[in-house]
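K.L.:
Note that the protein sequences, when read in sequence, are chains A and B.
Read in this note's numbering, the first sequence has 296 at position 46, and its numbers run on one by one without any break.
Read in this note's numbering, the second sequence has 60 at position 58, and its numbers run on one by one without any break.
What follows is a structure written as structure tokens; I'll ask about it next.
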Amino acid sequence: MKNSSPEENNEKQLMKNYLLGDLSSDEQTQIEEKYFADDSFYQQLKITETELIDAYLCNELDVKEKKKFEEKFLSSKDGKQKVEMTRAFLKSINKITGEKAVLEIPVISNYKRRFVWSESKTLKQFALAASLVILLGGGSWLMFQTIKLQNQIKILENQQSQQQADFQKKEQLLQQKSDTSQKRYEQIKQELDTERQERTLLENEISKLLQKSAQVISMVLTTGLTRDNATTKLLNIPPDAQILQLKLMLEEGVESYSTYQVTIKTVDGKQIWQQKVTDNVKKSINVSVKTVTFSNDDYLVTVSGINKNGEVFELADYYFRVAKK
Amino acid sequence: MKEQIVKQNKDELQRESFEILLKRLNTNQRLAEEKYLIIRNKLTIFFRTRGYSQTDLELADKTIDRAARKLLEQDNNQSENSETQNVLSDSYFLSVAHFVLKEHQRGVKPTVAIEDLPIATNQLAINNNQEQKLIEYEQTELTTKCFNECLSNFPIEQKLLIIEYFSVEITKAEQRQFLADKLGININALRVKAHRLRQDLVKCVENCVKKA
């Protein structure tokens with residue numbers, strides 16, 4: 251009674267692991283070199299392969315082994331062929347022995363279904379017909395959906411273009427309004443500017459007038475007055491007065507000249523102002539003198555006539571006193 | 003037209019190179035063909051366990067074609083009076099297989115697209131493809147008939163051995179041990195013997211189905 255040795259068992263296990271892809275790369279290389287070089291080792295490997303297939307078909311592999319087996323063998327043409335050949339062999343043996351199938355070929359997951367499937371013509375035809383129906387149905391439904399969507403798109407596009415047209419109209423209206431407003435604005439602005447200018451002119455005139463009224467004082471002087479406190483005419487010059495208009499009354503019978511000369515001196519004899527007058531003088535001579543010329547003091551105004559030869563003849567003297575406020 | 007010529011040239015090249023390959027495997031045609039099938043099977047196992055299950059056969063054939071073309075080049079470079087070359091070892095194909103594997107992993111396009119290479123270029127290979135057709139006869143009467151016929155051709159002891167060894171029983175290990183003890187041989191030796199008989203039986207069934 252000779253059992254297999256542990257070495258033989260180890261070798262068998264190693265080969266099984268190799269066929270299931272459970273070895274490292276180095277271990278794989280060792281096995282490969284061996285079975286390519288050594289025919290007896292190759293024979294052992296072949297037997298192990300057959301036994302592995304037997305075990306799979308008799309449901310003797312554990313879950314992990316079964317999964318690896320299916321990955322390796324059932325995705326390979328050669329592998330599948332070997333499995334089917336083995337199945338045929340075992341089934342034939344089964345028939346002879348009359349044993350029930352324990353050899354009920356386990357469903358080779360999806361692979362078996364696929365294999366059986368591929369062999370049934372009727373099933374294929376039915377599947378093809380069913381697929382066509384589904385495809386047609388699906389296609390029609392898709393087409394319907396597409397048309398529906400296309401219509402919706404058209405409606406939306408129309409709405410969009412309508413909205414765009416409305417928007418453009420509104421924009422134009424706004425633009426027109428804006429233009430009108432702009433014109434009106436320009437017009438108003440122009441009117442405003444004109445009014446401002448006129449106002450400015452008026453204001454200037456008013457101010458001039460005001461200036462004139464506020465800034466001129468006048469005095470009438472007659473001859474015969476002497477310079478003394480009792481009879482000297484007092485002139486109060488307000489601060490805002492700028493011009494002193496003197497009206498110098500001439501006595502009757504005074505010779506008339508074509509040109510007169512008016513001189514203003516202080517009582518010290520200092521001349522502070524002089525002007526020639528060529529107006530047609532009859533009874534009085536009017537002169538305008540700036541008030542800044544005067545300070546608080548007494549003043550003498552002399553009127554002289556100038557003949558054609560340029561000779562000057564004094565005609566009258568006038569006295570007044572200035573008091574500035 | 004051009005494509006046809008190219009394909010024709012390719013086919014001729016592959017036929018020529020394949021014939022050289024067979025000669026290098028064995029001077030005997032029949033043994034060379036058997037050797038070829040063994041090498042092909044080894045290569046298939048190699049590519050499958052390396053994770054290329056889906057293309058194991060194509061890669062195996064590609065390896066053989068590549069090896070054959072190399073041999074043809076060598077042959078063309080040899081002078082006419084040179085001695086006969088040594089028989090090719092299987093390990094040579096393993097080295098070519100490693101190269102093909104690396105190429106495949108890198109995703110490098112081969113000089114000749116693998117789609118352009120026929121799976122087989124000779125009658126043997128064509129016959130191999132016919133094996134696939136056996137799958138279609140799995141549960142048919144023909145298979146059963148052939149199986150019975152072939153089994154009947156075996157001597158009674160071998161017939162019993164096959165049936166007893168491979169029948170599905172719960173205590174398979176015990177039964178096999180019992181058999182081994184009965185025959186006075188090591189369980190491993192029994193194993194080898196049983197599987198050899200099985201291979202012969204399967205071959206017989208294949209041939210029987212083919213003939214039918």
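Quick reminder that beta carbons are idealized off the backbone N, C-alpha and C, glycines included.
1) What is the DSSP secondary structure of Ile281(A), counted as helix, strand or coil?
2) Helix, strand or coil for Asp58(B), going by three-state DSSP, please let me know.
3) For Ile493(A) and Thr541(A), which I take to be in contact (beta-carbon distance under 8 Å), what is that distance rounded to the nearest angstrom?
4) Give a yes or no on whether the minimum CB-CB distance between Gly271(A) and chain B is below 7 Å.
5) Can you have a look at Asn309(A) and say buried or exposed, based on whether 16 or more other CB atoms are within 10 angstroms of its CB?
6) Is the beta carbon of Ala69(B) less than 7 Å from the beta carbon of Leu45(B)?
7) Quick check on the DSSP output: the beta strand (DSSP E) that includes Gly555(A) runs from which residue to which?
8) Kindly indicate which three-state DSSP category Tyr507(A) falls into: helix, strand or coil?
9) In terms of alpha-carbon separation, which member of Asn557(A), Lys497(A) and Leu485(A) lies closest to Ala506(A)?
10) For Val551(A), does the count of other Cβ atoms within 10 angstroms reach 16, so buried, or fall short, so exposed?
11) Report buried or exposed for Phe563(A), applying the criterion of at least 16 other Cβ atoms within 10 angstroms of its Cβ.
12) Counting only C-beta atoms, is Leu96(B) closer than 7 Å to chain D at any point?
13) In chain A, which residues lie less than 7 Å from Ile165(B) when you measure between Cβ atoms?
14) Quick one: list the residues of chain A neighbouring Lys194(B), beta-carbon separation under 8 Å, in chain order.
15) Taking just the CA atoms, how far does Gln525(A) sit from Ser534(A)?
16) Starting from the beta carbon of Ser390(A), find every residue of chain B whose beta carbon is closer than 7 Å, and list them in chain order.
17) For Gln409(A), name the three-state secondary structure that DSSP assigns.
18) Under 8 Å between beta-carbons, which chain B residues line up against Ser325(A)? List them in chain order, please.
19) Rounded to the nearest angstrom, what separates Leu39(B) and Ile384(A) at their Cα positions?
20) Would the segment 255-266 of chain A and the segment 19-36 of chain B be scored as touching if the rule is three or more Cβ pairs under 8 Å?
21) Please report the distance separating the alpha-carbon of Ala246(A) from that of Leu269(A).
22) Indicate whether the contact test is met: 3 or more Cβ pairs, each with one atom in the segment 26-40 of chain B and one in the segment 507-521 of chain A, closer than 8 Å.
23) Measure the C-alpha to C-alpha separation of Glu315(A) and Arg50(B) and round it to an integer number of angstroms.
24) On the DSSP letters alone, give me the boundaries of the alpha helix (DSSP H) that Ala305(A) sits inside.
25) What's the gap between the Cα of Ser154(B) and the Cα of Leu74(B)?
26) Mind listing the chain A neighbours of Thr146(B)? Cutoff is C-beta to C-beta under 7 Å, in chain order.
27) Around the C-beta of Asp529(A), are 16 or more other C-beta atoms found within 10 angstroms, so that it is buried, or is it exposed?
28) By a C-beta neighbour count over all protein chains shown, 10 Å radius and 16 as the cutoff for buried, is Gln511(A) buried or exposed?
29) Per DSSP, which one or two residues make a beta bridge with Ile493(A)?
30) For chain A, is any of its Cβ atoms less than 7 Å away from the one on Thr29(B)?
31) Which residues in the same chain as Ala573(A) place their Cβ atom closer than 8 Å to its Cβ, once the five residues preceding and following it in sequence are excluded?
32) Below 7 Å between beta carbons is the criterion; list the residues of the segment 147-160 of chain B that meet it against any residue of chain A, in chain order.
33) Could you pull the DSSP bridge partners for Asp567(A) from this structure?
34) Any beta-carbon of chain A closer than 7 Å to the one on Asn209(B)?
35) Which chain B residues sit within Cβ distance under 8 Å of Gln278(A)?
36) Can you list, in chain order, the residues of the segment 327-340 of chain A whose Cβ is nearer than 8 Å to any Cβ on chain B?
P.N.:
In this structure, then:
1) helix
2) helix
3) 7 Å
4) yes
5) exposed
6) no
7) Asp547 to Ile556
8) coil
9) The displayed chain sequence assigns Ser, not Ala, to residue 506(A). Among Asn557(A), Lys497(A) and Leu485(A), the Cα nearest to that of Ser506(A) is on Asn557(A).
10) buried
11) exposed
12) Within the model displayed, chain D is absent; protein chains A and B are what it includes.
13) Ile343, Ile346 and Thr347
14) What sits at residue 194(B) in the sequence shown is Val, not Lys. Ordered by position in chain A, the residues that pass the 8 Å Cβ test against Val194(B) are Gln293, Gln294 and Ile297.
15) 15 Å
16) Neighbours of Ser390(A) on chain B: none; closest Cβ ~37 Å, over 7 Å.
17) helix
18) Ser55 and Gln56
19) 46 Å
20) no
21) Any question about residue 246(A) goes unanswered here, given that chain A covers just 251 to 575.
22) no
23) 16 Å
24) Asp289 to Leu307
25) 46 Å
26) Ser342 and Lys345
27) exposed
28) buried
29) Val466(A) and Lys540(A)
30) no
31) Leu484, Leu485, Asn486, Ile487 and Asn546
32) Phe149
33) Thr552(A)
34) no
35) Thr51 and Arg52
36) Lys327, Asp328, Gly329, Lys330, Gln331, Glu334, Met335, Arg337, Ala338, Phe339 and Leu340
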